[in-house]
Amino acid sequence: MAAREPAAVSVAIPAPLWRRFDYLPPPGEPAPPAGSRVLVPFGRRKLIGLVWGKADADLEHSRLKSMEQVLDVGLIDDHLHAVVEWARTYYQFPPGEAVNLLLPGALRRAQPFRAPSPTGLALTETGHKADFSRAPARDQVRSLLQSGPTPRQALVDQGVRPGLLATMMKLQFIEAVDPPEHRPVQQGPALNEEQRTALAAVLRARHGFVALLLAGVTGSGKTEVYLQAARRLLSRQRQILILIPEIGLTAQLVRRIEARLGRRAWTYHSGLSEGERLACWHAAREGRAEVIVGTRSAVFMPLRRPGLIVIDEEHDASFKQQEGARYQGRDIAVLRARMLDVPVLLGSATPSLESLNNVDQGRYQLLKLTQRAGGARQPRWQVLDQRGQSEALDARAITAIERHLKAGGQVLVYRNRRGYAPVLMCDSCGWQADCHRCDAHMTWHQHPSRLQCHHCGASRPQPRRCPECGSPRLSALGAGTEQLEETLARRFDGFPVFRADRDVMTGRHDFDELLDRVRSGGPCILVGTQMLAKGHHLPGVTLAVVLDVDQALFSGDFRAPERLGQAVYQVAGRAGRGDLQGEFLLQTRNPEHPLLSELLRADYLQFADRLLKERHQTRLPPAGPLALLRAESHRPGDAETFLREAALAIRAPGIEAIGPIPAIMSRRAGYWRFQCWLQADGRARLVNRLADVVPTLANLPSARRARWHLDMDPIEL
Ligand SMILES: [Zn+2]
Ligand SMILES: [Zn+2]
1 MAAREPAAVS VAIPAPLWRR FDYLPPPGEP APPAGSRVLV PFGRRKLIGL VWGKADADLE
61 HSRLKSMEQV LDVGLIDDHL HAVVEWARTY YQFPPGEAVN LLLPGALRRA QPFRAPSPTG
121 LALTETGHKA DFSRAPARDQ VRSLLQSGPT PRQALVDQGV RPGLLATMMK LQFIEAVDPP
181 EHRPVQQGPA LNEEQRTALA AVLRARHGFV ALLLAGVTGS GKTEVYLQAA RRLLSRQRQI
241 LILIPEIGLT AQLVRRIEAR LGRRAWTYHS GLSEGERLAC WHAAREGRAE VIVGTRSAVF
301 MPLRRPGLIV IDEEHDASFK QQEGARYQGR DIAVLRARML DVPVLLGSAT PSLESLNNVD
361 QGRYQLLKLT QRAGGARQPR WQVLDQRGQS EALDARAITA IERHLKAGGQ VLVYRNRRGY
421 APVLMCDSCG WQADCHRCDA HMTWHQHPSR LQCHHCGASR PQPRRCPECG SPRLSALGAG
481 TEQLEETLAR RFDGFPVFRA DRDVMTGRHD FDELLDRVRS GGPCILVGTQ MLAKGHHLPG
541 VTLAVVLDVD QALFSGDFRA PERLGQAVYQ VAGRAGRGDL QGEFLLQTRN PEHPLLSELL
601 RADYLQFADR LLKERHQTRL PPAGPLALLR AESHRPGDAE TFLREAALAI RAPGIEAIGP
661 IPAIMSRRAG YWRFQCWLQA DGRARLVNRL ADVVPTLANL PSARRARWHL DMDPIEL
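Residue 135 in this note's numbering sits at position 135 of the sequence shown, and the numbers go up by one each step.
Shown next as C-alpha cells:
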C-alpha cells in the first residue's frame, strides 16, 4: 500500500497573476494551516507567500514542488484571512495582493524574521553624568529623556536629528529600551449634552457591533468623543484602532491621544521605517499595543483583543487605495468591526454620501454634534461675484484680510492649485503651453522657473518666446498658490505669509511644524491647497477665503459637487473659534449657480441630502453599484479593443456595461485612457458577475496589449 501523500496547499504569492499556486509541505512535515508564512520556489526565485487553503483535490502531487520552508505557522488569523478573502472577491484583485495587504514590508522578504528591536530610548549611567555644557544638542536630548524612557519617534517629532541619536547611542550616552505603555493621564474638557449622547451610544454598544456616524461641525469636539469612548474600552483591556487620513498630522494627534489616554499610541504609516512598522504590527498582534493610530493600510492590522475602531475624517479620499488592490479602507473597517463584533465610529464634519446613505438605509446610526465647543458661532458667509474681474484676489477680500490682520486675527486663503499660474499663454497668437504626453496644460512654476505637468510629472524650461509665433509677450493665466503667496506678501508687508502645498511641504514634519508655528504665532496669512481643508485645529483663524471654485461646478465627474461642498465647509469651518466671530468669503464667476446657493443656504447635511436625492434619481453611487473597468495603451485602439471584448464578456441580464468611453483625461503620460461603466440592479448581482468574469479577462488576447484593472466603487473617473 502506498504511503498517504502529504496534503498540498494553495499559496498566495505576490505576483500580478490571477491565480494561486499549489505546493507540497517541506519533506517530512505536515501541511501548514491557512495564514502560515512560507518560503516557496517560484521559477528561479524563492518568494514569500501565505498559505491560503487546500489545494485542488484533483492535482497530481507528483508534479507539485515542495515548499522550501514554513517560516511562521498560522501568522495570519482566520478573521483577517476571511476579511481579505471577502475584499478579493468584492474588489477583484489578483490573489497575490493579499500578501501585500496582510504582511508589513519586513515580512515580505525572503529573510528570517527577527524580533524588532525596542523603539524607545533611555539615558545610560554615562549619559546621566556626561558633561554636555559645550554640546547643547546632546544636552537637549538629555533633558527630553530626563523623565524616563521615550519613544524614539517622539524625539524625532520634537526636532531631534536621527543622526545625533545614532551618535549618542554609539557613545553609549543613550540605549534602546521598550518605551513605557502607560503614562500620566490628562483630564479633558467636560462634554456637552450632544457629546454625552454620542458617547453613551458608543458605550451602549461596547459589547457588540454597531456603526455610528458622528457628524460634527468643525470645532464640535468629535475627537473628545473618540477619546472618552476609547478610555472606557481601554479600562476593559480592549485594543483601540484609530484610522486617520494620509496626511502629515500624526504627530499632533498622537501627542493628544497619549496625553488623554495615558497610553503609548503606536503608529503605522508610510513615513515610518520598515522596522518601526514591523514593531507596531507585532505589538498589535500580540496585544501589547493598546492604542494603534494608522493610515489606510493599518485597517489590516492584526488585533488580539479588539474593542473599538475609529475612522477619523471618514469622507477623506485617501481611505480608498488607488493602485494594486483598490479597496476602500473605510468599508473594510466597518466589515472588520462587524465580524469582530465591536463598535465602529466614523467621524467627519462633512460625511461622505456613502455613509449618509447607510444612515438612511438603517445600517449606520447618525449622531449629530451641531454646537461648537466653547459656544463659538458659525462664521458669516459672503459670496464675491468675480465676473468681469481679472485680479486673483477681489478688492473686498483684500479689505477684509486687512481688517482681520489688524484686529489680531489669522487669515486662511484656499486655492486648490499649486504653482505660479495654471496656464502660460502667448498674448499675440493665443498659444498655450500644453503637456506633450497628457491632455492638460503645463503649470508655470517660478521657483525654480519651469513648466510642469501635474499629471505625469513632465517638466521643461519656461520658453522665453512663443514657440508658435516668436512673440516675447507670454503671460500667466490665473494664479496658483505660489503667485498668491507673492501677491499677499507684497500687499501685506509686515505680516508673515505661509504657504502650504506639496511644492514646499516636502519633509515628513514640515506641515506639522508649520501648523505649530501658526497656532503659537500672531496675525498671519496661511495660503494653500486642499492640505488646508483637512480638519486642522487652527484656533487663531478668523477669516477664511476660498478662491475659484468654478472649475468644480462644471466638472464631468459626478462626485465633483460633493467634493467641492466638503472642501468649502471644511475651509469655512476654520474661521472663528472660541469667542471670535468668523467670516468666510467665497469668490466665484457663477454666483447664481444653484449648487452655490444651496451651499450658502443650508448646512452640510441638508446640502448632502440634496446631492443624495440626485444620485438616487440617476442611480449613481451610493444609490446603485458602480464599477469601472479601465484600460490604457500607447496606441488608442488597443485599450478600446480590450474593453469592447471585456464588455461583451461581462454583459448579462441585469448587468450593464457602458463603453468603452474616453476617460475624463483621455491621455495621460503618453497613454490613451478608456473605461467601461459597469452597473447592475443590485450590488450582489454585479459583484457575483464580476467575480465570475474578471479573472478570465487576462486570457483575452487583447489584454496583452493594454494595461487594465477593475475599480469597484471608484472615487475618481
Ligand atoms: Zn504666439
Ligand atoms: Zn503630462
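Glycine included, C-beta positions come from ideal geometry on N, C-alpha and C.
Since we're looking at a predicted model, the values are computed, not measured.
Alpha-carbon spacing of residue i relative to residue j, whole angstroms
i    : j    : result
A98  : P14  : 8 Å
V518 : D360 : 40 Å
S733 : E614 : Missing from the structure shown is residue 733; the chain here goes from 1 to 717 and no further.
Q140 : G457 : 41 Å
L121 : C280 : 16 Å
K54  : V83  : 18 Å
G105 : R574 : 38 Å
H207 : G219 : 29 Å
R450 : Q111 : 44 Å
L272 : Q146 : 25 Å
F721 : R45  : Outside the modelled stretch of the chain, which goes from 1 to 717, sits residue 721, for which no answer is possible.
E181 : R264 : 5 Å
I292 : R88  : 25 Å
G528 : Q172 : 44 Å
Q239 : R255 : 18 Å
Q69  : L107 : 14 Å
R196 : S270 : 35 Å
A489 : H447 : 16 Å
W18  : L71  : 25 Å
E286 : L303 : 7 Å
Q187 : S235 : 15 Å
H81  : L103 : 12 Å
L405 : H537 : 19 Å
W381 : G576 : 12 Å
L678 : P94  : 19 Å
P539 : G216 : 17 Å
L700 : R668 : 24 Å
I174 : L165 : 8 Å
Reduced DSSP secondary structure (H/G/I, E/B, other) of residue i
i    : result
G347 : strand
M665 : strand
E323 : coil
W86  : helix
K65  : coil
E286 : helix
E402 : helix
Y364 : coil
C456 : coil
W18  : coil
V11  : strand
Q56  : The amino acid at residue 56 is misidentified as Gln; the sequence shows Asp. In the structure shown, D56 sits in coil (DSSP, three-state: anything other than H, G, I, E or B).
V299 : helix
L107 : helix
M1   : For M1, the predicted structure reports a pLDDT of 41, less than 50, and the residue's modelled location is therefore unreliable. A value from the coordinates is still provided. The answer is coil: DSSP assigns M1 none of H, G, I, E or B.
I311 : strand
A317 : helix
L47  : strand
L686 : helix
Nonlocal neighbours in the same chain, by C-beta distance under 7 Å from residue i, ignoring five residues either side
i    : result
A400 : L543, E583 and L585
V202 : L212, A229, P343 and L345
R142 : L123, G127 and F132
Supposed contact pair residue j and residue i - C-beta distance, whole angstroms, cut 8 Å
i    : j    : result
V549 : I525 : About 20 Å; that fails the 8 Å criterion.
Y414 : V571 : 5 Å
F21  : S10  : 7 Å
G722 : T267 : Residue numbering for the chain in the displayed model covers 1 to 717; residue 722 lies beyond these limits and cannot be assessed.
Cut-off 8 Å between Cβ atoms - residues of its own chain near residue i, not counting five sequence neighbours on either side
i    : result
P33  : V51, V73 and G74
A421 : T443, W444, A476, L477, G478, A479, G480 and Q483
N100 : P14, R108, G324 and A325
A2   : Confidence in A2 is poor, its pLDDT being 45 and thus under 50, which makes the residue's placement unreliable; the coordinate value appears in the next sentence. The answer is none, since no qualifying residue turns up.
A608 : T350, P351, L353, L356, E562 and G565
Residue i at chain B interface by Cβ criterion, 7 Å
i    : result
I242 : The chain inventory of the structure shown lacks chain B, comprising one protein chain alone.
Cβ-based neighbour list, residue i, same chain, cut-off 6 Å, excluding 5 preceding and 5 following
i    : result
R288 : none
- [ ] Quick one: which unbroken beta strand (DSSP E) runs of 3-plus residues sit fully inside the region 410-453? Chain order, please.
- [x] 410-414, 423-426, 443-446 and 449-452
Task: Every unbroken alpha helix (DSSP H) inside the region 581-652 [4 residues or more] - done: 594-601, 604-618 and 636-650
- [ ] Report the residue ranges of all beta strand (DSSP E) runs contained in full by the region 140-168; include only those spanning at least 3 residues, in chain order.
- [x] none
- [ ] Run through the region 476-559 for me and flag every whole beta strand (DSSP E) of 3 or more residues, listed as ranges in chain order.
- [x] 497-500, 525-528 and 541-546
- [ ] Pick out the complete alpha helix (DSSP H) segments inside the region 186-270, 4 residues or longer, and give them in chain order.
- [x] 193-204, 222-234 and 250-261
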